[in-house]
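Visitor: So for the sequence shown, our numbering puts the first residue at 175; every next one is plus one.
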Amino acid sequence: MKLIKTVAELRAEIALWKKAGKSIGLVPTMGALHEGHASLIKAAHAENDCVVVSVFVNPTQFGPNEDLDAYPRTLEADCHLAEVMGANVVFAPSPKEMYPSTAMTWVEVTGDVTKVLCGRSRPIHFRGVTTVVSKLFNLAQPDRAYFGQKDAQQVEVLQRMVKDLFFNLELKIMPIVREADGLAKSSRNTYLQPEERAAALVLSRSLKKAQEAFAAGERNGQNLVDLVSRSIASEPMSVIDYVEIYALPELQPVTTPLKGRNLLAVAVKFGTTRLIDNVILEA
Ligand code: AMP
Numbered sequence: 175m176k177l178i179k180t181v182a183e184l185r186a187e188i189a190l191w192k193k194a195g196k197s198i199g200l201v202p203t204m205g206a207l208h209e210g211h212a213s214l215i216k217a218a219h220a221e222n223d224c225v226v227v228s229v230f231v232n233p234t235q236f237g238p239n240e241d242l243d244a245y246p247r248t249l250e251a252d253c254h255l256a257e258v259m260g261a262n263v264v265f266a267p268s269p270k271e272m273y274p275s276t277a278m279t280w281v282e283v284t285g286d287v288t289k290v291l292c293g294r295s296r297p298i299h300f301r302g303v304t305t306v307v308s309k310l311f312n313l314a315q316p317d318r319a320y321f322g323q324k325d326a327q328q329v330e331v332l333q334r335m336v337k338d339l340f341f342n343l344e345l346k347i348m349p350i351v352r353e354a355d356g357l358a359k360s361s362r363n364t365y366l367q368p369e370e371r372a373a374a375l376v377l378s379r380s381l382k383k384a385q386e387a388f389a390a391g392e393r394n395g396q397n398l399v400d401l402v403s404r405s406i407a408s409e410p411m412s413v414i415d416y417v418e419i420y421a422l423p424e425l426q427p428v429t430t431p432l433k434g435r436n437l438l439a440v441a442v443k444f445g446t447t448r449l450i451d452n453v454i455l456e457a
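#1: With three or more beta-carbon pairs closer than 8 Å as the criterion, would you say the segment 237-257 touches the segment 334-352?
#2: Grouping DSSP H, G and I as helix and E and B as strand, with all else coil, what is T447?
#3: Under DSSP, the beta strand (DSSP E) around I350 begins and ends at which residues?
#4: Where does the unbroken alpha helix (DSSP H) through V287 begin, and where does it stop?
#5: Return the CA-CA distance between S361 and D325, expressed in angstroms with no decimal places.
#6: Whole angstroms is fine: what's the gap from A421's alpha carbon to K433's?
#7: Quick one: is the Cβ of K324 within less than 6 Å of any heavy atom of the ligand AMP?
#8: Can you have a look at P202 and say buried or exposed, based on whether 16 or more other CB atoms are within 10 angstroms of its CB?
#9: What's the C-alpha gap between E271 and L313?
#10: Buried or exposed: where does G237 fall if 16 or more other Cβ atoms within 10 Å of its Cβ makes it buried?
#11: Give me, in chain order, the residues of the same chain whose beta-carbon lies closer than 7 Å to that of V442; leave out the 5 immediate sequence neighbours on both sides.
#12: Give me the residue from I215, C224 and H211 with the minimum Cα distance to A194.
#13: Are the Cβ atoms of Q327 and L291 separated by less than 7 Å?
#14: With distance defined between alpha-carbon atoms, name the residue in R294, T364, G391 and L343 nearest to G445.
#15: State the Cα-Cα distance for the pair L398 and V417, rounded to the nearest angstrom.
#16: Give me the Cβ distance between F300 and V331, rounded to the nearest whole Å; I'm assuming they're in contact under 8 Å.
#17: Between M272 and the ligand AMP, is there a pair consisting of the residue's CB and a ligand heavy atom that are separated by less than 6 Å?
#18: Here's the rule: buried if 16 or more other CB atoms are within 10 angstroms of the residue's CB, otherwise exposed. What is E209?
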């Protein structure tokens with residue numbers, strides 16, 4: 175496994191693979207890799223000849239008062255996990271390498287898909303994501319790129335971007351990997367104090383209640399939102415950012431009764447740590 179830090183070196187490696195007719199899988203990450211990331215790398219390894227894992231804490235997707243500086247950086251351990259899961263290259267560029275001082279270009283998906291949920295509380299977030307992911311697509315030229323359902327809105331935004339910009343690749347979306355007790359794995363879980371970690375279990379528990387209500391025939395979106403909101407609010411350490419339901423794809427308002435695929439998504443703070451989680455409810 176090669177650790178590559180420059181654009182020029184990555185381009186040279188990709189050119190060799192392309193010349194040899196190899197298929198390429200790309201797994202974009204911000205590092206502090208855990209089993210959620212590992213599942214993406216494993217899938218990429220199973221479906222492609224060569225795998226690039228990018229490890230880049232992308233500054234442009236963090237707002238001014240967010241956790242850019244505090245975000246965990248564990249490159250050595252990340253390289254080890256990536257190698258074990260079958261990566262051929264870890265691409266870990268510096269911010270200057272990805273955003274030279276001369277850079278003036280943003281890639282931005284407009285419309286409701288970036289305006290609701292995390293787009294409302296983190297207004298510049300998705301513009302940062304689509305810009306850096308476009309750069310990574312152009313550099314790695316993947317046949318397939320792997321993302322997690324954990325970041326459900328990101329998935330919808332990227333599907334739209336790939337369609338609109340004619341990126342010639344397939345997006346592969348992998349299920350949410352959870353701890354044994356239900357907490358969705360996240361690099362940000364390391365911020366949680368033990369009592370916050372225990373309180374955060376209310377997220378998966380509440381979403382499960384909604385899934386059960388839906389399975390039992392509840393088809394009113396607002397009732398499901400109310401059920402989850404009440405359940406999360408019953409945990410005194412929780413501070414709700416949002417509990418909302420949207421129709422998939424592209425996060426349109428839901429119908430009553432619910433039809434098709436719907437995303438019930440939550441963002442909740444425990445102390446200073448903001449966690450997200452979601453379920454898809456499919457009628
Ligand atoms: P991040 O490093 O948090 O930007 O995540 C990189 C990729 O891993 C994104 O596509 C995430 O959706 C995905 N990911 C993060 N956590 C999980 C998880 N618990 N299960 C599945 N995928 C995940």
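No residue lacks a Cβ here, since even glycine has one placed at the ideal position from N, Cα and C.
Guide: Let's see:
#1: no
#2: Taking the first residue of the sequence shown as position 1, residue 447 is located at position 273. Looking at T447 - three-state DSSP - the assignment turns out to be strand.
#3: As a first step, residue 350 must be located in the sequence shown, where it is residue number 176. No beta strand (DSSP E) holds I350; DSSP gives it neither H nor E.
#4: Here residue 287 corresponds to residue number 113 of the sequence shown, with the count starting at 1. Counting along the chain, the alpha helix (DSSP H) containing V287 begins and ends at D286 to K289.
#5: Locating residue 361 in the sequence shown gives position 187, where the first residue counts as 1. Locating residue 325 in the sequence shown gives position 151, where the first residue counts as 1. Approximately 13 Å between the Cα atoms of the pair.
#6: Stepping through the sequence shown from its first residue, residue 421 is reached at position 247. Stepping through the sequence shown from its first residue, residue 433 is reached at position 259. Cα-Cα distance, rounded: 8 Å.
#7: Taking the first residue of the sequence shown as position 1, residue 324 is located at position 150. Checking every heavy atom of the ligand AMP against the Cβ of K324, one is found closer than 6 Å.
#8: The count along the sequence shown starts at 1 and reaches residue 202 at position 28. That one is buried.
#9: Along the sequence shown, read from residue 1 onward, the residue named residue 271 stands at position 97. Along the sequence shown, read from residue 1 onward, the residue named residue 313 stands at position 139. Rounded to the nearest angstrom, the two C-alpha atoms are 12 Å apart.
#10: What you label residue 237 is simply residue 63 of the sequence shown in a count that begins at 1. Exposed is the call here.
#11: Residue 442 sits at position 268 when you count from the first residue of the sequence shown. Cβ within range, chain order: L377, I406, S412, V413, I414, D415 and L449.
#12: The count along the sequence shown starts at 1 and reaches residue 194 at position 20. Comparing Cα-Cα distances from A194 to each of I215, C224 and H211, the minimum goes to C224.
#13: Here the question's residue 327 lines up with position 153 in the sequence shown. Here the question's residue 291 lines up with position 117 in the sequence shown. Yes, these two residues count as a Cβ contact at 7 Å.
#14: Residue 445 sits at position 271 when you count from the first residue of the sequence shown. Out of R294, T364, G391 and L343, T364 has the C-alpha closest to the C-alpha of G445.
#15: Within the sequence shown, numbered from 1, the residue matching residue 398 stands at position 224. Within the sequence shown, numbered from 1, the residue matching residue 417 stands at position 243. In a straight line, the C-alpha of L398 is about 10 Å away from that of V417.
#16: Here residue 300 refers to the residue found at position 126 when the sequence shown is read from its first residue. Here residue 331 refers to the residue found at position 157 when the sequence shown is read from its first residue. Right, their Cβ atoms sit about 5 Å apart.
#17: As a working mapping, residue 272 is identified with position 98 in the sequence shown. The answer is no for M272.
#18: In the sequence shown, the residue the question calls residue 209 occupies position 35. By the 10 Å Cβ count, E209 comes out exposed.
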